[in-house]
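Visitor:
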Amino acid sequence: MSEVTMRFNKTELRDFIEIHDIQRDIGNNRSISIDHAPRIGVNIQQQTIDAKYIKVDFSIWSKDRNTLKHKLAGIFNVDSPKELTFSDEPDKYYLAMVIDDISMQEASGRRSNGSIKFIIPDGVAHSSAYKRFDSDKNATREAGKMVFDLINNGTESAFPIVKVKHNAENGYIGLVNQNGTLEIGNREEADTEPSQKSEILLDFRGEKITNGLAIAAKNQAITNDRTEYIVGTAEMINLWERPHVRLKDLRGETKLHNYATSLTWSIPNDSTGSTGSLHDYFWWRQVFWSEANNQYGFIKVTVSDETGQFLYGVETFKRSLGSECEFNFLAGDGQGGYRILKRWNFDGTTTGDINPFNVAKGWSDLKRNDGKIQVFYQGSYSTFIIPEIEGKKSAKIHITIGAYRDNPIVSHMYLDELYYRKDFVPTTNDIPNRFPIGSNVLINSEDDTVYIDDIAKANEIVDGSQWLSIPPGKSKLELYFSSFIKKHPTVTIEFEERWL
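If you want it as structure tokens, here you go:
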């Protein structure tokens, strides 16, 4: 079998070992619990399937065998299962780690023979590519539901990833197949309560952020700090395959003030012609990543009222030497000043998970219901009651990107996306639904998570639901939606096939 090669944890081993034999047994060991039947035979109480094991016989050849052994020991020294692939199964991988000793026998010359035993805790081989089914090609539509015809060529059940992009308002998603039922939202959610609905009045998601920059009023922001020197220039930049808005440059005359640029959007009239709002929801994505400890700067997302007074908002701020940054929730105090109601700290000099505004993440949202504000940070929500803003309508949304005096500016401070939704619009018959037009729902049975517009929403799962699996062979998966939905969403289903 010398032509077969092995790859473990992204390391190709063809340059280190020569494979002579691979022992991949048929299926896995089964443990069966029984008790005796009254007269003849036994009753099966339970069957469990154990982990999978793979044994690889190999040899190494080197003038310095001990150095090579140490290198191999480092490659196999992992604390959790990693991807294991063989060249004779290019369409499959295993999640494996080494078990038992890797014993070696010194042969003639510079060759040593040995064997490696891998344990595959989940007991299966996975397909290297996801199988995909699209609603446009693989589903039939009936009143209130969508039916997928699925094929799983594996020998074990697969765990689907379901992506739903809404083409109309919806409040409920139900998934049903022979293995279980999973419900998201509220099956009884109505769409016709008097005088309430949601309207997306500003939408600068994705590439549309360029339009947001074009139509925004420049350098007219109202923030918590009236001393900011907002005269800079905002420009577009493309990094990481997406557009961003940033502060173009840092001028040198701002030793005593914070030099900044800003974008302002008036909240448009709703469908009834009403201006302003007491019920806001806006979502945005930003990047805040400092490449050096001596860089400073801020991004502010703020809301002002009809009289031009600061109401509430958040700021992401690096104001000190080091790596510590702040994410502050602010609100007006009713006397022309402001209060910091909550401060979170994070490390802004890394792109890792401890920075919520790294390149791969950066999503956040604010929701207002008159004097109550809900703030999202790092996967959870905090709620604040602010009597000082009760009854004061939101009129404008502001984004301010700035430097801290004349210090070096944070390398990556960008606005990527933003959309604004007005809730509880009067004199209409539509109510705000969980899933507005354009919203995206991700239901992932691989890791048991639900995301709505990239924000975790486990609380939307209906009690008693079961995470779905796709049985081997041909099967059907039905999706149900709210009775009032006007157009079915676009749905994709993906899963890895699995084999014993």
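In this text, residue positions in the sequence shown follow numbering that gives the first Met the number 0: the first is 0, and each later residue adds one. Yeah, the Cβ is synthetic: ideal placement off N, Cα and C, and Gly gets one too.
1) Note down, in chain order, each residue of its chain lying with its Cβ closer than 7 Å to the Cβ of SER249, except the 5 sequence neighbours on either side.
2) Could you tell me whether the Cβ atoms of PHE147 and VAL490 are closer together than 9 Å?
3) Considering just the uninterrupted stretch of the alpha helix (DSSP H) at HIS69, what are its terminal residues?
4) Residue ranges of each beta strand (DSSP E) run of no fewer than 3 residues wholly in the region 294-340, ordered along the chain?
5) Please identify the residue among ILE388, ALA394, ASN432 and ARG338 whose C-alpha is closest to the C-alpha of PRO267.
6) Rounded to the nearest angstrom, what separates LEU12 and THR4 at their Cα positions?
7) Sort TYR295, GLN177, THR306 and LYS62 by Cα distance to GLY392 and report the nearest one.
8) When the Cα atoms are used, what is the spatial distance from GLY335 to LEU255?
9) With ILE115 as the anchor, note down where its beta strand (DSSP E) starts and where it stops.
10) Exposed or buried, TRP239, counting other C-beta atoms within 10 Å across all chains shown (16 or more means buried)?
11) Residues in the same chain with beta-carbon distance under 6 Å from GLN104, minus the five sequence neighbours each way, listed in chain order, please.
12) Roughly how many whole angstroms lie between the Cα atoms of MET0 and HIS487?
13) Could you pull out every residue in the same chain whose Cβ sits closer than 6 Å to the Cβ of GLY179, ignoring the five residues on either side in sequence?
14) Return yes when the Cβ of GLU323 is within less than 9 Å of the Cβ of THR315, no when it is not.
15) In whole angstroms, what separates the C-alpha of ILE396 from that of GLY143?
16) Buried or exposed: which applies to ARG420, given that a residue is buried once 16 or more other Cβ atoms fall within 10 Å of its Cβ?
17) Cα separation between ILE484 and GLY170?
18) Among ARG109, ASN354 and LYS130, which residue has its Cα nearest to the Cα of ASP90?
19) Applying the 10 Å Cβ sphere with the 16-neighbour rule, what's the burial state of TYR522?
20) Bridge partners of GLN46, per DSSP?
21) Identify, in the order they occur along the chain, each residue of the same chain with its Cβ nearer than 6 Å to the Cβ of ILE451, setting aside the five sequence neighbours on each side.
22) Pick out the complete beta strand (DSSP E) segments inside the region 391-447, 3 residues or longer, and give them in chain order.
23) I think VAL374 touches LEU365, with their Cβ atoms under 8 Å apart; what is that distance to the nearest whole Å?
24) Taking the alpha-carbon positions, what's the ILE119 to ILE98 distance?
25) Thinking just about the alpha-carbon of each residue, which of PRO386, GLN285 and SER114 is nearest to the one in ASP100?
26) Tell me the DSSP bridge mates of LYS475?
27) So, using beta-carbon positions, are LYS136 and LYS54 closer together than 9 Å?
28) Can you tell me whether HIS69 is buried or exposed? The criterion is at least 16 other CB atoms within 10 Å of its CB, across all chains shown.
29) Evaluate the contact criterion for the region 283-292 versus the region 404-418: three or more CB pairs, one atom per stretch, below 8 Å.
30) For LYS207, does the three-state DSSP call read helix, strand or coil?
31) In this structure, how does DSSP classify GLN195 when only helix, strand and coil are distinguished?
32) Look at the alpha carbon of ARG64 and the alpha carbon of GLU17, and state the distance between them as a whole number of angstroms.
33) Do LYS81 and ALA95 have their beta-carbon atoms positioned less than 9 Å apart in this structure?
34) So ASN28 and ASP14 are in contact, right, with Cβ under 8 Å, and what is the actual spacing, rounded?
35) Taking the straight line between their C-alpha atoms, what separation do you get for LEU478 and ASP346?
Guide: Judging by the given coordinates:
1) Note that residue 249 corresponds to Leu in the displayed sequence, not to Ser. Taken in chain order, the residues that qualify are TYR258, ALA402 and ILE408.
2) yes
3) 64-75
4) 296-304, 309-317 and 323-331
5) ALA394
6) 7 Å
7) The residue you asked about is not Gly; residue 392 is Lys in the sequence shown. With distances taken between Cα atoms, LYS392 lies closest to THR306.
8) 22 Å
9) 110-119
10) exposed
11) ASN112
12) Its pLDDT being 45, under 50, MET0 is placed unreliably by the model, and the measurement read from it follows with that caveat. Each residue's Cα considered, the two are about 53 Å apart.
13) GLN465 and LEU467
14) no
15) 38 Å
16) buried
17) 9 Å
18) LYS130
19) This structure leaves residue 522 out entirely; the chain is present only between 0 and 499.
20) ILE31
21) VAL440
22) 393-401, 411-421 and 439-443
23) 6 Å
24) 10 Å
25) SER114
26) ASP148
27) no
28) exposed
29) yes
30) helix
31) coil
32) 14 Å
33) yes
34) In fact, because the Cβ distance is near 34 Å, the residues do not count as touching under 8 Å.
35) 42 Å
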